[in-house]
Amino acid sequence: MISIELKDDVLAITIRRPEKKNALLPVMYKDMAIALESVLAQEAKVVLIQGCNGVFTSGNDLSSFAHATEQADIEDTHRFMMALMDCPIPVVAKVQGLAIGIGTTMLLHCDFVFANSNTKFAMPFINLALVPEYASSFILPKISGRLLANKLLMLGDVFDANTAKDAGLVSELIDDGIDEQVDVLLKCIASKPQQAMVQTKKLLNSEVEKVREHINRELALFIRAMNSAPAKEAFSAFLEKRPVDHSIFR
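When we follow my numbering, the leftmost residue of the sequence shown carries the number 111, and every step to the right adds one.
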């Protein structure tokens with residue numbers, strides 16, 4: 111479900127679960143984490159994260175994720191996100207179709223994000239009675255401004271690629287030829303002096319400890335929310351394909 115290929119100094123991580131719109135399972139997070147943790151050992155100069163069949167990812171597979179009740183249940187997710195945040199070389203995301211939930215969150219920890227202009231994004235945690243994840247409530251206000259961050263995180267609606275660009279989630283919007291333009295970027299990055307690139311990325315990420323502290327605060331609240339009656343009702347309604355009983359949210 112995850113393919114890993116090293117070619118021309120590029121470590122390509124491809125999400126391959128098209129029958130579920132590339133929804134993510136724990137084993138997929140684990141495979142991506144292992145790949146990211148070994149980039150220097152593999153002598154890669156840049157990482158590409160992409161989805162197959164014109165879809166980045168529809169986020170967590172809720173049929174699996176709904177059963178998480180403690181941090182150990184999301185250990186693989188956490189390992190992947192920490193590996194992404196700590197990746198010493200540039201990470202490029204090629205985003206098409208859908209980037210939902212953690213599919214949007216992970217973009218905050220990528221260095222370059224190229225997206226098709228028809229891509230749909232969402233950070234719908236509030237609709238599942240959950241809180242933001244992986245420093246999205248810390249990073250997003252800094253890059254998009256508080257009011258836009260409020261809109262995206264407090265309402266949880268689907269938003270378009272132009273809004274994603276305005277929010278600082280996307281570097282470049284592309285109508286046609288995204289594969290070719292991403293390839294040009296990857297070759298450009300790979301041609302740069304690697305040690306200087308690694309040090310430059312480290313300097314740019316000087317607030318990493320603050321980010322890590324915020325992730326820990328979010329995670330504690332996230333796990334607590336996962337065990338709440340409103341979250342259980344939201345997940346049940348989604349899986350049973352029925353309306354949510356909003357009286358439980360009060």
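Glycine is no exception: its CB is placed at the ideal position from the N, C-alpha and C atoms.
For the candidate residues the options, whose alpha-carbon lies nearest to that of residue i?
| i | options | result |
| --- | --- | --- |
| R189 | A154, L146, L258 | L146 |
| I253 | V292, T229, K230, V280 | V280 |
| G213 | L313, C197, Y244 | Y244 |
| I288 | G255, A225, K155 | A225 |
| C162 | I114, S338, K312 | I114 |
| R256 | G266, A277, D267 | A277 |
| L194 | N337, S227, L158 | L158 |
| D286 | K204, R127, I144, F175 | K204 |
| I144 | A259, A122, P128 | A122 |
| S227 | L296, F175, A274, I210 | A274 |
Using a Cβ-Cβ cutoff of less than 8 Å, which residues in the same chain neighbour residue i once the five nearest sequence positions on both sides are dropped?
| i | result |
| --- | --- |
| L263 | M233, F235, I236, P242, S246, S247, L250 |
| Q291 | F224, E282, I284 |
| K140 | D186, R189, F190 |
| H177 | D183 |
Just to confirm, are residue i and residue j a CB contact at a threshold of 7 Å?
| i | j | result |
| --- | --- | --- |
| L218 | N170 | no |
| M142 | I184 | no |
| F222 | F269 | no |
| L116 | A151 | no |
| V156 | V120 | yes |
| Q160 | T215 | no |
| N326 | T179 | no |
| I333 | Q181 | yes |
Using a Cβ-Cβ cutoff of less than 7 Å, which residues in the same chain neighbour residue i once the five nearest sequence positions on both sides are dropped?
| i | result |
| --- | --- |
| P340 | A239, I358, F359 |
| K131 | V165, S168, L208 |
Taking its Cβ as the centre, do 16 or more other Cβ atoms sit within 10 Å of residue i, making it buried, or is it exposed?
| i | result |
| --- | --- |
| A344 | buried |
| A362 | Because residue 362 is not part of the residues shown, which for the chain are 111 to 360, the question remains open. |
| T310 | exposed |
| L58 | Because residue 58 is not part of the residues shown, which for the chain are 111 to 360, the question remains open. |
| P136 | buried |
| E364 | An answer regarding residue 364 cannot be provided, because it is not within the stretch 111 to 360 covered by the chain. |
| R322 | exposed |
| E129 | exposed |
Would you say residue i lies against chain B (beta-carbon separation less than 7 Å)?
| i | result |
| --- | --- |
| L194 | Considering every chain present, this structure includes no chain B. It has just one protein chain. |
Leaving out the 5 sequence neighbours to the left and right, which residues in its chain are closer than 6 Å to residue i when beta-carbon positions are compared?
| i | result |
| --- | --- |
| H324 | A245, F248 |
| G266 | P234, I236, N237 |
Would you check if there are 3 or more beta carbon pairs closer than 8 Å linking the region 193–211 to the region 297–312? Three or more beta-carbon pairs drawn from the region 193–211 and the region 297–312 are found closer than 8 Å, and the two stretches are therefore classed as touching.
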